[in-house]
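Heads up: the sequence shown runs through residues 1 to 198, numbered per the working numbering.
For reference, the structure is listed below as structure tokens.
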Amino acid sequence: MAFSFPHVFSPQRVFSLVPFLTHATEDQLELNNKAFGLVLVMAACFSSGFAGVYFEKMLKGATAGIWILNVQLASFSVVIALTGLLYTERENIVSNGFFYGFSAWTYTAIGLQAIGGLVVAVVVKYADNILKGFATSISIVISCLLSVHFFDFVVTNRFGLGTVLVLASSYLYGTCPPVSPRTTNAQPTLISVSTEKR
């Protein structure tokens, strides 16, 4: 019998795992959650990397300006977001209005997201997708360090290790630029070899 993904992941096989999952110990479930979380984080990293490279290619190769490209990209997310919003909150929107429950903090968050999107587009257009990744990582570290003071965030060993790795990689990227191969137009020197006997 040939191997096929639909056969291996059929509903009958998936549902047959339910008794094992319900009788799993708490340690096994925690281990499964960590493994599943790691797989999801790796998938997010790969998809984010590919999306970043494609986004940079679009920005640097397009003849349209950043504003037009942002409107084009936002149009997809607006359609998806409105569809989800109408599906889940239609009754509330009809009875209370679209902006019901919005506060100054809501408008501030929306404004920061919009400004952040424009800053990302400018950085990717005029700098590099890698620099954008470093800037994002450093901003996360700074936000967490500020959270220690304002929100009683507790710094763990893993956070410290991650901070060191982010700062070290940023430092190495900035101080050790890649070495480009030497290009020369000089012709190779020919050596003459005599075959005469002396």
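All C-beta atoms in this analysis are idealised placements derived from N, C-alpha and C, irrespective of residue type, glycine included.
Worksheet entry | Inter-residue Cα distance where the pair is residue 43 and residue 36 | Going by the C-alpha atoms only, they are around 11 Å apart.
Practice prompt. Thinking residue 52 and residue 132 are a contact (beta carbons under 8 Å), I'd like their distance in whole angstroms, please.
Written response: Right, their Cβ atoms sit about 7 Å apart.
Worksheet item: Just reading off the alpha helix (DSSP H) that residue 127 is part of, what are its end residues?
Response: Looking at the DSSP string, residue 127 is not in any alpha helix (DSSP H), and its letter there is neither H nor E.
Practice prompt. Output the distance between the C-alpha atoms of residue 100 and residue 63, rounded to the nearest integer angstrom.
Written response: Looking at the two C-alpha atoms, the distance is approximately 40 Å.
Worksheet item: For residue 74, is the classification buried or exposed, using 16 other Cβ atoms within 10 angstroms of its Cβ as the cut-off for buried?
Response: In the assembly as shown, residue 74 is an exposed residue. Its beta-carbon has fewer than 16 other beta-carbons within 10 Å.
Worksheet item: Buried or exposed: which applies to residue 202, given that a residue is buried once 16 or more other Cβ atoms fall within 10 Å of its Cβ?
Response: Any property of residue 202 remains undetermined from this structure, which presents the chain solely from 1 to 198.
Worksheet item: Going along the chain, which residues of its own chain have a beta-carbon closer than 6 Å to the beta-carbon of residue 134, five neighbours each way excluded?
Response: Closer than 6 Å at Cβ, skipping near neighbours: 170.
Discussion item. Can you tell me whether residue 152 is buried or exposed? The criterion is at least 16 other CB atoms within 10 Å of its CB, across all chains shown.
Written reply: Classification for residue 152: exposed.
Worksheet item: How would you label residue 124, buried or exposed, when you count the other beta carbons within 10 angstroms and need 16 or more for buried?
Response: Of the residues assessed, residue 124 falls on the buried side of the cut-off, its CB having 16 or more other CB atoms within 10 angstroms.
Worksheet entry | Bounding residues of the alpha helix (DSSP H) (the contiguous stretch that carries residue 64) | Neither: residue 64 is in no alpha helix (DSSP H) and is coded neither H nor E.
Worksheet item: How long is the line joining the alpha carbons of residue 86 and residue 172, rounded to whole angstroms?
Response: Taking the straight line from one Cα to the other gives about 47 Å.
Worksheet entry | Cβ neighbours of residue 138 in the same chain (closer than 7 Å, five flanking residues each side left out) | Excluding sequence neighbours, residue 138 sits near 166, 170.
Worksheet item: When we look at the beta-carbon of residue 111 and count the other beta-carbons within 10 Å, is it buried (16 or more) or exposed?
Response: By the Cβ neighbour-count rule, residue 111 is exposed, with fewer than 16 other Cβ atoms within 10 Å of its own.
Item to complete: On a CA-only basis, which of 126, 127, 163, 45 is nearest residue 142? Give me that one, please.
Response: Ranking the options by Cα distance to residue 142, first place goes to 163.
Fill in: Distance, residue 90 Cα to residue 78 Cα
Approximately 16 Å between the Cα atoms of the pair.
Worksheet item: With respect to the alpha helix (DSSP H) encompassing residue 156, which residues constitute its N-terminal and C-terminal limits?
Response: According to the DSSP assignment, residue 156 belongs to no alpha helix (DSSP H), since it is labelled neither H nor E.
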